[in-house]
Every structure is written in C-alpha cells, then in structure tokens.
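**Student:**
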Amino acid sequence: MDDLNGRVQVLDGQVSEIADAPLVARAMDHPQRIALVLNPSKNGADHIRAKATAAVAEAGLPELKVYETTVEDPGQQMARDAIRDGADVVIAAGGDGTVRFVAEELAGTDVALALVPMGTGNLLARNLKLPLDDHQACINTAIHGSTREIDSVTIKLEGTDGEVKKNTFLVIAGAGIDAEVMGDTRDDLKAKAGWLAYGEAGMRHLAGKRKEISISLDGGAPQRRKVRSVMVANCGELTAGMDFIPDARFDDGLLDVVMLSPRHVGDWVRIAAKTLTKSTTEIPVMETHQATRCRVVLHEPMTAQLDGDAIMEVKVIDARVKPDSLRVQMPATDVPDSAAAPLMQPEAVPAAED
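Counting from 1, one number per residue, gives the positions in the sequence shown under UniProt numbering.
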C-alpha cells in the first residue's frame with residue numbers, strides 16, 4: 001500500500017507539471033468556438049476560409065462557422081449571429097469596414113475579436129502590430145493568442161438633414177480633408193498601389209479653405225477654431241507605418257483630438273515634418289488635446305470618416321471613449337514556441353518603378 005501511495009504521488013506530480021506547462025495550460029484555455037466573418041469580395045477570401053477551417057480542426061476545436069458579409073450588411077448581423085451561436089472568438093476577415101462593424105457588435109461582450117487584414121489601410125491590425133501579409137499567423141493568433149482588452153469609441157454623427165447616427169470606431173474618426181481623401185481615393189489605384197493611392201488623392205485635396213468649428217472637451221466651454229480637419233483618435237498609427245499621433249494609446253481610456261489648420265503648402269510641410277520625425281515640438285497649425293469626450297459643431301458641413309471609410313456630410317460630432325470595452329486576440333509572445341503570430345516588422349516602402 002505504501003508503494004502504491006508513493007507511485008500515485010509521483011504520478012500526481014507529473015500531471016501537475018504537465019498542466020503547468022505553458023503551451024498545455026494555454027491549450028486547456030483555448031476558446032471553445034471560433035467564428036469567421038468573411039468579406040467574400042476580397043481577393044483570397046476562399047483561401048482564408050480554407051486556412052481558418054484547417055487551423056481550427058487542427059487545434060481540435062468544434063467546426064468553424066463562417067458568416068459571409070454582403071453589400072447591404074458589412075458584418076453587423078453576421079457578428080450578432082456568431083454571438084448567438086456561442087462563438088468565443090470572432091475573426092473579422094476583410095477591410096477596416098468589416099472590422100469596425102464586427103467590433104461594434106462585440107464591444108461590451110465577452111466575445112473576443114480577431115483579425116485577418118485583407119484591406120488597404122488595415123488600421124487596427126497595424127496598431128495591434130499584427131503581420132499584415134501573414135494571414136496564417138493571424139489565424140493562429142485568433143486560435144492560440146492572448147486576449148487583451150482595449151478601448152472602443154462611441155460616436156454620434158448628426159447629418160445635414162438632422163438625422164443622428166450612432167456608430168463605433170476603433171482607430172480614428174474625423175471630418176475635413178482626411179475624410180475627403182478617403183472618399184476620393186480611386187479604387188483602381190488602391191488595387192494596384194495599395195496605401196500609396198491615398199497619397200495621390202491627398203495631393204488633389206491639399207488646396208482648400210479652412211472652416212470654422214466649435215469644439216468642447218469633457219463638457220468644457222466651446223472653443224472656436226478654423227480647421228482643414230478635426231480628428232478624434234483612439235490610436236495613432238496610420239498607413240506606411242506613419243505614427244500620426246504618437247501619444248495615442250488604445251488602452252489608456254483617452255481620446256486624442258487633433259486639429260489641423262494649415263493655410264498654405266508651407267504649413268502642410270511643417271505638419272508632415274513633425275509627423276515623420278515624431279517631433280514633440282508643438283506647432284500652431286497642428287493642435288492636440290486629450291479628453292474622454294469630444295463634441296464638435298461644424299459651422300459648415302464637412303465629410304466625415306470612420307476608420308478610413310468616408311460616410312456622409314455632418315454638422316455635429318460627439319465622441320466618447322469606452323475604456324476596456326473590447327476584447328481582442330493578440331500574439332502570444334509570452335509563450336515559448338507558440339504558434340501565434342510574431343510581431344509585425346516595420347513596413348517597407350515599395351520602391352518606385354522606372
């Protein structure tokens with residue numbers, strides 16, 4: 001009997017060691033059900049479906065459920081269906097619009113968002129440091145990664161007809177030249193040149209007059225400004241690895257508000273130099289503030305954008321941060337030999353063709 005008790009104790013110790021091993025412990029804690037909200041119009045959509053299906057099966061999880069977006073619904077009902085069907089993680093495979101609409105439904109729930117970036121901007125994926133060109137690694141992160149809470153932002157937009165729309169965004173919203181550029185970027189050029197297409201549209205919109213706004217932060221007295229653009233950011237990295245708002249953090253419970261007021265090309269050069277050099281020196285034509293709420297009254301209507309998607313002309317913007325409201329899957333870099341995605345390397349700027 002003593003010998004048997006000794007063997008049981010040894011076996012119990014071995015089981016405890018195995019259970020404490022990082023990879024096994026994480027495997028025991030894997031999400032039970034993975035769902036895929038897929039934009040079927042994106043190049044490689046069928047490939048993503050096949051890769052995700054195989055990865056979920058290989059992990060020994062229940063069969064992957066796939067929900068395809070439509071032109072009429074870029075992901076909201078699909079995300080609701082995934083939640084209803086018991087998903088623990090919902091993979092948004094598409095562009096920034098798909099990610100935003102899925103996240104809008106997941107915010108405030110226990111269901112985590114994972115990303116397979118398939119768009120031009122891929123703004124949230126950039127800020128999460130996911131490898132934009134390694135879809136398999138992103139799928140692995142959805143299954144094997146760590147869950148982290150980040151902020152989301154609820155925004156109300158009042159249109160020129162008085163209608164108020166309530167949305168959620170994750171990266172940056174704004175009105176003015178940024179939205180004009182997003183709305184006027186040529187689709188054919190985006191397909192050929194990717195994010196460089198935004199530069200072509202930007203050059204066409206540099207000229208223009210400033211418009212008057214009244215802005216109030218955290219319920220304070222409205223302040224008048226003349227701007228070309230007013231932006232509200234949850235995080236600050238944009239295309240080409242450009243850290244437009246270095247102080248913006250997606251988990252600090254704050255909004256970063258930026259007002260651009262250039263009057264001529266020289267002012268644009270100053271803004272570009274400050275951004276590219278990540279200078280902390282303040283310049284009059286680029287004013288920044290932090291707050292938990294931002295309300296902007298536009299004295300002349302401006303085109304607005306949410307996470308890179310131009311939406312409509314607005315006359316009032318009211319944004320509030322929702323701290324720690326969205327769970328996202330991040331690369332599990334703390335686990336040795338993890339199958340999850342590595343950190344994204346700095347993006348290389350394509351060489352100009354002769």
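We treat Cβ as the ideally placed atom computed from N, Cα and C, and that holds for glycine.
Here the structure is a predicted model, which means the values were calculated and not measured.
Between MET344 and VAL71, what straight-line distance do the alpha-carbon atoms span, to the nearest angstrom?
**Tutor:** Taking the sequence shown and counting its residues from 1, one reaches residue 344 at position 344. Taking the sequence shown and counting its residues from 1, one reaches residue 71 at position 71. In this prediction, MET344 has a pLDDT of 45, which is less than 50 and means its spatial position is unreliable; nothing more can be read from the coordinates.
**Student:** For ALA173, collect the residues of the same chain with a Cβ closer than 6 Å to its Cβ; drop the 5 residues on either side in sequence, then sort them by chain order.
**Tutor:** Residue numbering aside, residue 173 sits at position 173 when the sequence shown is read from its first letter. Result list for ALA173: ILE155, VAL232 and LEU306, in chain order.
**Student:** Buried or exposed: HIS299, going by 16 or more other Cβ atoms within 10 Å of its Cβ?
**Tutor:** Counting from one through the sequence shown, the residue named residue 299 turns up at place 299. Per the 10 Å Cβ criterion, exposed.
**Student:** Using three-state DSSP, classify VAL169 as helix, strand or coil.
**Tutor:** Within the sequence shown, residue 169 is the residue found at index 169, counting from 1. Residue identity differs from the one stated: residue 169 is Phe in this sequence, not Val. Strand, per DSSP.
**Student:** What number of angstroms, rounded off, separates the C-alpha of MET330 from the C-alpha of VAL230?
**Tutor:** Counting from 1 along the sequence shown, the entry for residue 330 is found at position 330. Counting from 1 along the sequence shown, the entry for residue 230 is found at position 230. Roughly 30 Å separates the two Cα atoms.
**Student:** Provide the residue(s) that pair with ALA147 in DSSP beta bridges, ordered along the chain.
**Tutor:** Here the question's residue 147 lines up with position 147 in the sequence shown. Reading off the sequence shown, one finds Thr at residue 147, where the question assumed Ala. Under DSSP, the beta-bridge partners assigned to THR147 are GLN329.
**Student:** Less than 8 Å between the CB atoms is what I'm expecting for SER325 and ALA79, so what's the real figure, rounded?
**Tutor:** By 1-based counting over the sequence shown, the position of residue 325 is 325. By 1-based counting over the sequence shown, the position of residue 79 is 79. Contact flag wrong, Cβ pair sits at about 15 Å.
**Student:** Of the choices MET302, GLY86, SER146 and GLY208, whose alpha-carbon is the least far from that of PRO262?
**Tutor:** In the sequence shown, residue 262 corresponds to position 262, counting from 1. Comparing Cα positions, the closest option is GLY208.
**Student:** By how many angstroms is the C-alpha of GLY94 removed from the C-alpha of THR53?
**Tutor:** Mapped onto the sequence shown, residue 53 falls at position 53. Mapped onto the sequence shown, residue 94 falls at position 94. Distance between the alpha carbons of THR53 and GLY94: 16 Å.
**Student:** Relative to the C-alpha of LYS211, which residue among ASP218, GLY219, ILE139 and ARG228 is closest?
**Tutor:** Counting from 1 along the sequence shown, the entry for residue 211 is found at position 211. Closest option to LYS211, Cα to Cα, is ARG228.
**Student:** Name the DSSP bridge partner or partners of CYS138?
**Tutor:** Locating residue 138 in the sequence shown gives position 138, where the first residue counts as 1. Note: CYS138 sits in no beta bridge, so no partner.
**Student:** Is the Cβ-Cβ distance between ASP218 and ALA273 less than 8 Å?
**Tutor:** Working through the sequence shown from its first residue, we reach residue 218 at position 218. Working through the sequence shown from its first residue, we reach residue 273 at position 273. Between ASP218 and ALA273, the C-beta gap is not smaller than 8 Å, which leaves the two residues out of contact.
**Student:** If you follow the beta strand (DSSP E) that ILE91 is in, where does it begin and where does it stop?
**Tutor:** Walking along the sequence shown from the start, residue 91 turns up at place 91. ILE91 -> beta strand (DSSP E) spans 89 to 94.
**Student:** Given VAL116, which residues of its chain have a CB within under 7 Å of its CB, disregarding the five upstream and five downstream residues?
**Tutor:** What you label residue 116 is simply residue 116 of the sequence shown in a count that begins at 1. Only ILE48, ILE91, ALA93, HIS135, CYS138 and ILE139 meet the Cβ criterion.
**Student:** CA-CA distance, ALA82 and GLU58?
**Tutor:** The residue you call residue 82 lines up with position 82 of the sequence shown. The residue you call residue 58 lines up with position 58 of the sequence shown. Cα-Cα distance, rounded: 21 Å.
**Student:** Tell me the rounded alpha-carbon separation between ALA179 and ALA310.
**Tutor:** Looking up residue 179 in the sequence shown gives position 179. Looking up residue 310 in the sequence shown gives position 310. Between ALA179 and ALA310, the C-alpha separation is close to 5 Å.
**Student:** Short of 7 Å in beta carbon distance, which residues of its chain neighbour ASP267, apart from the five on each side in sequence? Order them along the chain.
**Tutor:** Translated into the one-based positions of the sequence shown, residue 267 becomes position 267. If we look at ASP267 and ignore the five residues flanking it on each side, its Cβ neighbours are VAL285.
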